[in-house]
Structures are given as C-alpha cells and as structure tokens.
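Trainee: In order, the protein sequence lines correspond to chains U and V.
Sequential numbering from 1 applies to the first sequence in my numbering.
Sequential numbering from 1 applies to the second sequence in my numbering.
Backbone N, C-alpha and C define an ideal beta-carbon position, used for all residues, glycine too.
Here it is, the structure, as structure tokens.
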Amino acid sequence: MTKLFPFLLLLTLPLFSRAEGVDAILTKVLTKLNSVKDYKVSATIKANIPMIKILPNEATIYFKQKDKFKVESKGITIMPKQGFTDINNFLAKKDYIAVINDTVTVGGVKTYLMSVIPNSAGGEMILAKLWIDPERSVIMKSQITTKSNGTVTTTYTYGDQVKYGLPSKMVFEIDVKKFKLPKSVASDINKSSAEKKKKIGNKGTITITLTDYQINKGLSDSIFK
Amino acid sequence: MLLKNTWNEFIKILSKPRSYLGVGALTLLIGIIIFAMKADGKSIISFVTASFEQTLTFNGHILNGYLIAFIILQMLIVHVPLLVALVTGDLIAGEAAMGTIRMLATKPISRTNIVLSKFIAGAAYTLFIIIWMGFLALFVSTALFGTGDVIVLNSDGLVILPEADVLWRFGAGFCVAFLSLLTVSSLSICLSAFAENSIGPIVATMSVIILFTIIGSLDVSVFDSIKPYLFTTHMVSWRSFFEDPVPWSTIRQSVIILVAHNVVLVAIAIIRFNKKDITS
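Right, dumping it as structure tokens:
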C-alpha cells in the first residue's frame with residue numbers, strides 16, 4: 001500500500017489543481033460582476049415563443065446590488081423569469097460544488113464548461129452549467145435548471161462593457177412545454193379539434209439587445225418601488 | 001313614406017319602457033365589470049397568464065382600458081342578443097297583440113315597406129345599443145384605466161397587440177358585432193311576423209341562438225358540415241380582428257353569411273307579412 005501511495009497521489013493531482021482552478025475562475029467572474037453596483041440600460045426585446053405573438057419592444061432595465069431589478073416599458077414586454085440576477089446571487093453565496101467538465105468553443109471563444117451544483121437542496125436552483133471564458137472572466141453561456149421554472153439556456157455576447165462583465169446581447173432559450181391555456185378562456189368554437197391540436201414547437205427564444213449602459217451612477221432605491 | 005314610417009317605428013321603440021331596459025342592463029353590467037376590474041383586475045389577468053408566468057414575466061401596463069373593452073365585448077356579446085330580441089321581437093307581434101296592426105295596414109304604405117321600416121328601426125336600435133356599449137367599454141374604460149397594448153388569449157395562445165394598432169381593430173370589430181346583432185334583430189322580426197304575441201318571438205329567438213351555439217360548440221364531426229352556415233358561428237367573428245395576422249378571408253366569409261342571413265330572414269318576414277290575414 002505504501003508503495004502505491006505516491007502513484008495514487010500522482011493520479012489525483014490534476015483533480016486538485018482543477019478544483020483550485022474552478023474556484024479561481026468563478027471568483028474572477030463574480031468579482032467582475034460585483035464591480036457593478038448599479039446600472040441602467042436600454043433594451044430591445046424580441047420574443048419568438050410558440051403560443052405567444054408579440055412585436056419587438058423597447059424597455060429600460062434597472063439593476064442595483066444585491067438583487068434589485070426592474071423593467072420599465074411603455075408597451076407590454078416579455079422577459080424570462082430567470083437569467084439576469086440569478087447567477088450572481090447564486091455564485092455570491094459560495095454554497096456550491098463546481099467542476100470543470102470540458103473545454104468547449106462558444107461563439108469562437110474557447111470556454112470551460114462547468115457544472116455548478118448547490119450544496120443544500122432547499123434552494124430553487126438544481127443545477128447550473130456555465131461556459132466561462134477564462135481570458136476575459138465572463139460567462140459566455142449558461143444553462144440554469146430550477147425546481148419551478150424548468151431549464152433556461154442563455155447565450156451572451158459582449159461589447160464595450162465586457163470589463164464589467166455586462167453583455168450587449170442575451171439570447172434566452174426557454175422551454176415552452178409547460179405552457180397550458182385555460183380551456184374556458186381559450187375555447188374557440190370556430191376551430192375544429194384538429195385545428196386546435198396542431199403541433200407547436202417546444203422551444204422559444206427571447207433576444208435582448210442592450211445598449212447605452214449607465215453603470216455605477218448611483219440609482220435611487222425609489223426606482224425599484 | 002318608408003322613411004316617415006321608419007321614424008314612426010323608431011318613436012314607437014323609444015316610447016316602450018322595455019327599450020330602456022336593455023340600455024339600463026347594459027350600463028349596469030359594464031359598470032359591474034369595470035368595478036370588478038378596478039377591484040381585482042390583476043388576479044383576473046394572472047388567471048390567463050399564470051401558465052406563462054412560471055417561466056416568463058410580463059412587464060408594462062397590462063390592465064388597461066383597451067384590454068377591459070375587449071373583455072367587456074367578449075363577455076357581453078353573448079347576452080346582448082337577448083336585449084336586442086326583447087325589443088325587435090315585439091315590432092310586428094306586439095302590434096298584433098295590441099290590435100294596432102290592422103290600423104297600420106290601412107295606411108298608404110305597402111306591407112313590404114311596413115316590414116322594411118320595422119327592420120330599419122330595429123337596426124337603428126341595435127346600432128344605438130352597439131354604440132352605447134362601445135362608448136362605455138372603450139371610452140369609460142380608457143378614462144379610468146388608461147391605454148396600452150392588448151393581450152388577447154385565443155386557442156392558439158397569446159397575441160399581444162401594440163397600442164397604436166388597436167383602435168381600428170375595435171372599430172372594425174364593433175362593425176362586425178353590429179352585423180351579428182342585426183342578424184338577431186332580423187331573426188326576431190322574422191319570427192315576429194309569424195306570431196300574435198311578443199313573448200313567442202323573443203323566446204324563440206333566444207332558443208335558436210342557444211341551440212345553434214350548442215351545436216357550434218359540440219366537437220362532433222357530424223355537425224362540421226353545418227357549422228359554417230350557422231349565424232351563431234359567425235357572431236364571434238369580431239374577435240378575428242384581434243388576431244395577428246388578421247384572417248381577412250374568414251372575416252369576409254362571416255360577413256357574407258351574416259348578410260345572407262339578414263336578406264333571407266327579412267325576405268321571409270316580408271313574404272309572411274304580405275300573406276298574413278290580418279283580422280285583429
């Protein structure tokens with residue numbers, strides 16, 4: 001056994017070093033995100049979701065640490081329920097186990113694919129998969145699975161605000177299998193059952209283009225009331 | 001002579017208390033809906049969007065006057081035919097019951113023009129009901145709740161229409177809703193030509209509407225061939241203006257069928273009234 005020990009240690013060494021690497025990478029990402037105390041940004045929201053027809057709309061998004069978030073729009077806009085502040089809050093708690101699964105190229109950028117699993121089962125989050133660009137310390141893609149909202153995959157594109165870890169474009173892919181219309185309200189006597197049962201897709205996308213960031217200007221709490 | 005007699009018929013409608021019953025009931029119903037929306041509108045809206053809100057959030061001024069106008073129109077279009085039939089079902093049969101039809105027939109106007117004048121007066125009353133409903137639903141609601149985009153739920157899902165694209169849809173929708181109610185008016189006038197008292201045509205009109213609506217809502221293939229020809233199938237055509245894209249061919253077909261119903265029903269009423277042996 002004593003003869004085998006150095007050999008076993010040699011085998012497990014990459015795992016230890018990788019584990020250290022995971023924490024360092026995530027800490028850098030979090031530090032970058034935490035450098036933003038607040039922001040205000042103009043958003044163009046384009047939703048392409050089966051069962052929902054909506055034209056692209058303009059909105060203003062407000063964020064303030066730690067989790068204050070508000071969308072202001074003249075018309076009706078649709079946003080994903082999760083994806084903006086969830087990752088920041090989840091990583092900030094540091095109550096997780098993270099492992100690097102693979103190296104994947106996302107949008108021409110080499111990323112580490114990480115699985116982040118919460119330590120406690122009491123929270124909303126079940127699993128987060130993050131594709132992180134280690135060079136710029138930003139999340140290029142995320143896949144968050146929660147108990148009540150299913151899985152949402154988000155792809156990020158970065159522009160001028162990459163130094164703050166803030167994207168210029170976000171594409172959310174949403175699971176629409178859960179959408180059900182209330183029968184009493186949605187009944188349409190003019191449509192036959194065959195017409196009503198026509199097949200719809202399972203995935204929808206919401207594309208949010210973010211421009212004109214105003215970062216760390218000191219947003220008032222009253223905006224979020 | 002036709003216009004003069006139409007005016008006389010309209011005055012007769014205005015002089016009957018039951019004509020104001022419909023307007024009063026409509027005002028009360030719309031008032032109740034607006035009050036309910038003001039008190040608990042958000043929970044009513046979330047009943048519709050609950051399934052979507054597990055994954056998505058809806059931002060913006062959802063509970064606005066346009067949405068409430070749409071809800072009012074959708075809720076009341078089922079009940080307004082009764083209020084219309086209450087007045088138009090009485091137009092010929094009521095005269096027979098009161099014994100004034102003989103005097104009417106002695107006037108220097110053809111029997112065809114008598115029926116046409118009653119039809120036009122009934123149409124004017126129906127138009128007034130629709131305008132009153134539109135005023136309360138649209139103007140009072142927007143005055144209280146403001147304007148905004150409209151969320152419409154149909155069997156295909158949610159359609160969110162921008163505020164700037166809504167008013168013309170209401171205008172067109174009210175026009176088709178008027179045509180639907182005019183068909184009810186024509187049906188009750190037609191039935192009225194066969195009856196000697198006003199209760200019969202009113203009850204018969206509502207019975208026909210209920211029967212056709214049930215046939216239309218039954219998802220049984222045996223009725224599929226007759227459904228497109230039932231006027232009740234096309235009474236909800238106003239709703240098509242709130243789809244995206246607007247199904248123009250479906251609306252055109254509905255308008256043709258509703259107009260055809262009106263022509264046939266008034267023609268039957270004219271033939272029947274011309275052959276009627278007036279003895280009372």
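Go through its chain and collect everything with a Cβ distance to U/D258's Cβ below 7 Å, but skip five positions before and after it.
Mentor: There is simply no residue 258 of chain U to check, as chain U begins at 1 and stops at 225 in what is shown.
Trainee: Just verifying my parser: in three-state terms, what is the DSSP assignment at U/N34?
Mentor: Of the three classes helix, strand and coil, the one that applies to U/N34 here is helix, per DSSP.
Trainee: Decide yes or no for the touch test of the stretch 149-161 of chain V against the stretch 44-54 of chain V: beta carbon pairs closer than 8 Å, at least 3 of them.
Mentor: Short answer: they touch.
Trainee: May I have the straight-line CA-CA distance separating U/V99 from U/K141, to the nearest angstrom?
Mentor: Each residue's Cα considered, the two are about 16 Å apart.
Trainee: Going by beta-carbon coordinates alone, are V/F174 and V/I130 separated by less than 8 Å?
Mentor: Result yes, Cβ atoms of V/F174 and V/I130 sit closer than 8 Å.
Trainee: Using 8 Å as the limit for Cβ to Cβ distance, is U/M79 near chain V?
Mentor: Yes, its Cβ sits closer than 8 Å to a Cβ of chain V.
Trainee: Among U/K53, U/G165, U/Y62, which has the Cα closest to the Cα of U/I223?
Mentor: Of the listed residues, the one whose Cα sits closest to U/I223 is U/Y62.
Trainee: Of all the residues that make up the stretch 122-156 of chain V, which are near chain U by a beta-carbon distance shorter than 8 Å?
Mentor: Listed in sequence order: G148, D149, I151, L153, N154, S155, D156.
Trainee: Rounding to the nearest angstrom, what Cα-Cα distance links V/L91 and V/Y125 in this structure?
Mentor: Distance between the alpha carbons of V/L91 and V/Y125: 12 Å.
Trainee: Answer yes or no: does any C-beta atom of chain V fall closer than 8 Å to that of U/A121?
Mentor: With 8 Å as the cut-off, U/A121 does not count as an interface residue toward chain V.
Trainee: Which residues in chain V sit within 8 Å of U/K147, going by Cβ to Cβ distance?
Mentor: None at all; the shortest Cβ gap to chain V is about 11 Å.
Trainee: Between the beta-carbon of V/L56 and the beta-carbon of U/M79, is there less than 8 Å?
Mentor: Yes, Cβ-Cβ distance for V/L56 and U/M79 is below 8 Å.
Trainee: Counting only beta-carbon atoms, is V/D244 nearer than 8 Å to chain U?
Mentor: So yes, V/D244 belongs to the interface.
Trainee: Could you tell me which whole beta strand (DSSP E) segments of length 3 or greater appear in the stretch 29-83 of chain U?
Mentor: Listed in chain order, they are 38-48, 52-54, 57-64, 68-72, 77-80.
Trainee: Report the three-state DSSP secondary structure of U/K141 (helix, strand or coil).
Mentor: DSSP places U/K141 in strand when its eight states are reduced to three.
Trainee: Spell out whether any CB of chain V is found under 8 Å from the CB atom of U/G75.
Mentor: At least one chain V Cβ lies under 8 Å of U/G75.
Trainee: Run the CB neighbour count on U/G154, radius 10 Å, all protein chains shown included, and call it buried at 16 or more, exposed below.
Mentor: The question names Gly, but residue 154 of chain U in the sequence shown is Thr. Label assigned to U/T154: buried.
Trainee: Please compile the residues from chain V whose C-beta is within a distance smaller than 9 Å of the C-beta of U/A59.
Mentor: Those within 9 Å of U/A59 in chain V are N59, G60.
Trainee: Within the same chain, show all residues whose beta-carbon is closer than 6 Å to that of V/V115, passing over the 5 residues directly before and after it, in chain order.
Mentor: So the list reads A269, I270, F273, once near-sequence residues are dropped.
Trainee: Label V/Y229 either buried or exposed according to how many other C-beta atoms from any shown protein chain fall within 10 Å of its C-beta, with 16 as the threshold for buried.
Mentor: By the neighbour-count rule (16 or more Cβ atoms within 10 Å), V/Y229 is not buried but exposed.
Trainee: So is U/M140 in contact with chain V if we call contact Cβ pairs under 8 Å?
Mentor: No, because no Cβ of chain V sits closer than 8 Å to the Cβ of U/M140.
Trainee: Say whether the stretch 2-12 of chain V touches the stretch 49-62 of chain U, bearing in mind that this needs 3 or more beta-carbon pairs closer than 8 Å, one atom from each stretch.
Mentor: Contact between the stretch 2-12 of chain V and the stretch 49-62 of chain U is absent, because fewer than three Cβ pairs lie under 8 Å.
Trainee: Examine chain V for any beta-carbon lying closer than 8 Å to the beta-carbon of U/G150, and answer yes or no.
Mentor: So, interface residue.
Trainee: Please tell me whether V/L63 and V/M37 are closer than 8 Å, where the distance is taken between their beta carbons.
Mentor: For V/L63 and V/M37, yes; Cβs fall inside 8 Å.
Trainee: Starting from the C-beta of U/L30, find all residues in its chain whose C-beta is less than 8 Å away, skip the five residues before and the five after it, and write them out in chain order.
Mentor: Once the five neighbours on either side are set aside, the close Cβ partners of U/L30 are N88, L91, A92.
Trainee: Quick one: list the residues of chain V neighbouring U/D243, beta-carbon separation under 9 Å, in chain order.
Mentor: Given a span of 1 to 225 for chain U in the structure shown, any question on residue 243 of chain U remains unanswerable.
Trainee: Once the 5 residues before and after U/N216 are set aside, which same chain residues still bring their CB inside 7 Å of it?
Mentor: So the qualifying residues of the chain are V36, K37, D38.
Trainee: I need the boundaries of the beta strand (DSSP E) containing U/E173, first residue and last residue.
Mentor: U/E173 -> beta strand (DSSP E) spans 167-175.
Trainee: With a floor of 3 residues, list each beta strand (DSSP E) that falls wholly inside the stretch 37-81 of chain V, ordered by position along the chain.
Mentor: Listed in chain order, they are 56-59.
Trainee: Comparing the C-beta of U/M51 with each C-beta of chain V, is any distance below 8 Å?
Mentor: So, interface residue.
Trainee: Pull up the distance between the alpha-carbon of U/K129 and that of U/T44, whole angstroms please.
Mentor: Looking at the two C-alpha atoms, the distance is approximately 26 Å.
Trainee: If the criterion is Cβ atoms closer than 8 Å, does the pair V/G89 and V/I202 meet it?
Mentor: Contact: yes.
Trainee: Please determine, among U/I174, U/G159, U/I132, the residue with the shortest C-alpha to C-alpha distance to U/S115.
Mentor: The shortest Cα separation from U/S115 among U/I174, U/G159, U/I132 belongs to U/I132.
Trainee: Can you list, in chain order, the residues of its chain with a C-beta nearer than 8 Å to that of U/T151? Leave out the 5 residues immediately preceding and following it.
Mentor: Q143, I144, T145, D175, listed in sequence order.
Trainee: Tell me where the beta strand (DSSP E) around U/D150 begins and ends.
Mentor: Inspection of the sequence shows that residue 150 of chain U is occupied by Gly rather than by Asp. Residues 150-158.
Trainee: Could you name the residues of the stretch 90-124 of chain U whose beta carbon sits closer than 9 Å to any beta carbon of chain V, in the order they occur along the chain?
Mentor: Correct list: empty, as no residue qualifies.
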